[in-house]
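Here is the structure we will look at.
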Amino acid sequence: MKTWLLSILLLGYTSVIAQQNVYQSFEVDSAAEPRGGITTFNTFLQANLRKPIQAEAEGKGGVIVLSGVVEPDGHVSNLTTIKSLRPDCDREAMRVVNLFRVWKPAQKGGQIVRQQVSIPVVFKPNTPFIYQKGTMVAYFDANKQPVPVGSDLIVYRQIMPLDTNGLPTDDLVLYKKDGKVWDESYRDPFVREKKGQPSSSGRPVYSIGYQSAVRNWNGYVYTVNQTGKLMQEAHYTDGKLSGEQVVYYTSGMVAEKQEYADTKKTMTSWYPNGQIKQVQQTNTRVLSNALVSDFMTGLWDSTGRQMVKEGNGWASLTQRVKSNSDTIRQTSYVEQGAYQNGTKQGMWTGRYGDGSYFYEEHYNKGIFQTGKAYSAGADTVRYDELEQQPKFSGGMPGLSEFLQKTLGYPADAQRSGAQGKVFVSFVVCADGTLCDYEVFKSVHPSLDREAVRVVQKMSGYWTPGMQRGRRVPVKYNMPINFTLY
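For the sequence shown, the working numbering begins at 12 and goes up steadily by one.
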């Protein structure tokens, strides 16, 4: 009995020693590597790296090499710098590598073991700029094209106050050169607006950035929480999304990145552990509801198993949702089906783990054909359209007529010359009434109140939105235009 017990203890001790040993790549049977491969790991690094502003101002680029140990649970411990670029960039490289926790550990003799790895992190060089005392200074020629400091072509100078994270802190001002004097040409005011939609925790969030004279967003607009933590960033041109949009997890890791180019949008998303989740392309100029707009290029589960490759494969997507039979309880929601050449093909199903909801739909080359859905406490419904947006009675002509009859222009706003578009958000409820009114883009207090009053008058004039054959509440954003001339 004592011998048997001693054998167990020795086996346990041997196992602990094996876990404590750190091997080199040439000493193991199967070397540690990022799940999903080096290419997807490098994509993760480049999506998450934020070059420190002083390094960016100097245009610095280069390679940092980190050393660490890939642990059995897939994270890297004991990170150190073995090739430095500069201290601030070194710290940023470590921050991003620490976010990635889905390494495939090494194996030796049939056991998972710890392995030393070297990780190169590339910072790409950029055009340098002046950054002094919290202000970025840039110069432009007569056509407002960038030119270097000291150029004879300089006509304009732009001043943009930025904090050490690269976020705006004050007005953007453009000056025009007049001999030896710089005259202010125009100013885009710095704006901090409370967003109508709070964070997942219910706490308020804010948009910060620059707005033009007609109150359209221009350049990068950042969404931050009460403490200033970055949650989202998006690039706008004259109030319209352009360039890219990035959403962040609370850890600071990129959750989703959307890149816009001509008629195509590419969306890449990641799981909270850093594993790539999906790559999807969208045609942004679809002219008919019958046309396919979304194409799935790649899809992975949270362990790194690729379900859809080059547009083909079987997908199984799981998330946590509120139960349809008990809204205070969470349940699993699993959607399954095939992708063929990037689009949904054949039968797709969705099912709540507690049985409170189920749907079955059929697709042909990505085009929805028919569907049926069951929800707890209700009959099964059949539908031939996936979604329908809320509609005002009489459509757009009816809405224009309603506004012409109902909208007034407050006298004090007229006297002060206030004009522009007030943006009001509201919810079209399942019965066609409206609720949850909020001004998310203000012009003037009196114009804001008038816009809300008119929107409230619309309650009951709406056909509610539909989703899978059932009426659903839908959030709606509406601009109310006030023009003096």
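Where a beta carbon is used, it is the ideal one built from N, C-alpha and C, also for glycine. Just so it is clear, the structure is predicted and the values come from calculations on it, not from any experiment.
What are the boundary residues of the alpha helix (DSSP H) that includes residue i?
i    : result
P98  : P98 to L110
K416 : G406 to T417
F52  : I49 to N59
Q425 : A422 to R426
Provide the residue span of the beta strand (DSSP E) that contains residue i, from first to last.
i    : result
M307 : D305 to W311
P131 : Q122 to F134
L77  : G73 to V81
E67  : It is not in any beta strand (DSSP E) - E67 instead sits in the alpha helix (DSSP H) that spans I64 to A68.
C440 : That residue, C440, is in no beta strand (DSSP E); it is neither H nor E in DSSP.
M358 : T354 to Y363
E346 : Q341 to Q351
A326 : N323 to K333
V232 : W228 to V235
Y282 : Taken as a continuous stretch (DSSP letters only), Y282 belongs to no beta strand (DSSP E), as it is neither H nor E.
S218 : Y217 to Q222
Going straight from the alpha carbon of residue i to that of residue j, what length do you get?
i    : j    : result
F111 : A104 : 11 Å
Q31  : M318 : 35 Å
K416 : P484 : 27 Å
F403 : T293 : 28 Å
E244 : Y231 : 7 Å
W473 : G443 : 5 Å
Do residue i and residue j have their C-beta atoms within less than 7 Å of each other?
i    : j    : result
Q347 : T360 : yes
V421 : S470 : At residue 421 the sequence reads Pro, which differs from the Val that was named. No, they are not a contact pair.
N335 : S313 : no
R125 : G315 : no
C100 : F140 : no
V439 : P490 : no
A349 : W325 : yes
S253 : Y233 : no
E69  : K115 : no
R479 : Y363 : no
P215 : F201 : no
V132 : I75  : yes
Mark residue i as exposed unless 16 or more other C-beta atoms lie within 10 angstroms of its C-beta, in which case mark it buried.
i    : result
K62  : buried
N300 : Residue confidence is low: N300 scores 47 on pLDDT, short of 50, so the model does not pin down where it sits. Its coordinate-derived value is still stated next. The residue in question, N300, is exposed, as its Cβ has fewer than 16 Cβ neighbours within 10 Å.
V160 : exposed
D459 : buried
L445 : buried
Y496 : exposed
M477 : buried
A389 : exposed
K320 : exposed
W15  : With a pLDDT of 46 at W15, under the threshold of 50, the modelled position of that residue is not reliable, and the figure given next carries that caveat. Exposed, by the Cβ-count rule.
E398 : exposed
State the beta-bridge partners of residue i as determined by DSSP.
i    : result
D199 : L183
A462 : For A462, which the question treats as bridged, DSSP gives no partner whatsoever.
V257 : E244 and K268
I378 : N375
P45  : W114
R168 : Y150 and Y186
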